[in-house]
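Inspection log for the structure reproduced underneath, given as structure tokens.
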Amino acid sequence: MKSFLIIPVFIFLLTLWIQLGYGLQCYNCNSFYNEGCGLSLSNSSEFVTTCSDTDKGCRKVVQKIKVKEEWETRYIRQCAEDGVVGKCDYKVGTDDIKMFYCYCTDKDKCNSGSSLYSTVFLVFIAIIGQYLSYDL
Numbered sequence: 022m023k024s025f026l027i028i029p030v031f032i033f034l035l036t037l038w039i040q041l042g043y044g045l046q047c048y049n050c051n052s053f054y055n056e057g058c059g060l061s062l063s064n065s066s067e068f069v070t071t072c073s074d075t076d077k078g079c080r081k082v083v084q085k086i087k088v089k090e091e092w093e094t095r096y097i098r099q100c101a102e103d104g105v106v107g108k109c110d111y112k113v114g115t116d117d118i119k120m121f122y123c124y125c126t127d128k129d130k131c132n133s134g135s136s137l138y139s140t141v142f143l144v145f146i147a148i149i150g151q152y153l154s155y156d157l
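Here my numbering = 1-based position in the sequence shown + 21.
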């Protein structure tokens, strides 16, 4: 009887995993052009975009630009094809442009807001795994 239960649970988990893993969403905006894309960005859907299949994660760029002898800070959020998660890169364009690139891949809109989907999924998997280990 318990083996009949394992197959539907496995199919359910597989479809849940596919749904959560498909079509990563990231914020896509530039504070120079988009008001509300600055240091503090709410979890609104205004700047949310679904990334392409080639994008592996989200990126947040903090850009320092010298304009008329004054330093301005701009924030750019976008989908990213590459980057090392947990490491921020520092790049200098010219003497007047400095950029910090940070990457994330762990959840939708990770270049600002947060999501509970991954956490709920992992807790559910742990509970099912615990249940199955006692019955085997």
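We put the CB at the ideal spot given by N, CA and C, even for glycine.
Since the model is a prediction, treat every value here as computed from it, not as a measurement.
Exercise. State the CB to CB distance for the pair Gly78 and Tyr124, rounded to an integer number of angstroms; the pair is presumed to be in contact (CB under 8 Å).
Key: 5 Å
Quiz item: To which residues of the same chain is Met120 closer than 6 Å at the C-beta, ignoring the five residues directly before and after it?
Solution: Val82, Gln84 and Lys112
Practice problem: Identify whether Asn51 lies in helix, strand or coil by the three-state DSSP scheme. | Solution: strand
Self-check item: Reference Leu62, options Asp110, Arg98 and Glu102, closest by Cα
Solution: Arg98
Quiz item: Per DSSP, what kind of secondary structure is Gly150 in: helix, strand or coil?
Solution: For Gly150, the pLDDT reaches just 49, beneath the cut-off of 50, and the residue's location in the model is therefore unreliable, although a value from the coordinates is still provided. Correct three-state label for Gly150: helix.
Quiz item: What residues in its chain sit with their C-beta under 7 Å from that of Asn5, if we drop five residues either side in the sequence?
Solution: As shown, the chain starts at 22 and ends at 157. That puts residue 5 outside it, with no answer to give.
Quiz item: Cβ of Asn55 within 8 Å of Cβ of Arg95?
Solution: no
Self-check item: For Lys128, three-class secondary structure by DSSP
Solution: coil
Quiz prompt | Close Cβ partners of Gly107 (< 6 Å) along its chain, the five nearest in sequence each way excluded | solution = none
Exercise. Kindly indicate the opening and closing residues of the beta strand (DSSP E) around Cys100.
Key: Glu91 to Ala101
Quiz item: Identify the residues that DSSP records as bridge partners of Asp74: which are they?
Solution: None; Asp74 has no bridge partner.
Quiz item: Nearest CA to the CA of Gly44: which residue from Cys72, Gly114 and Gly59?
Solution: Cys72
Quiz item: For the beta strand (DSSP E) that contains Lys108, what are its first and last residues?
Solution: That residue, Lys108, is in no beta strand (DSSP E); it is neither H nor E in DSSP.
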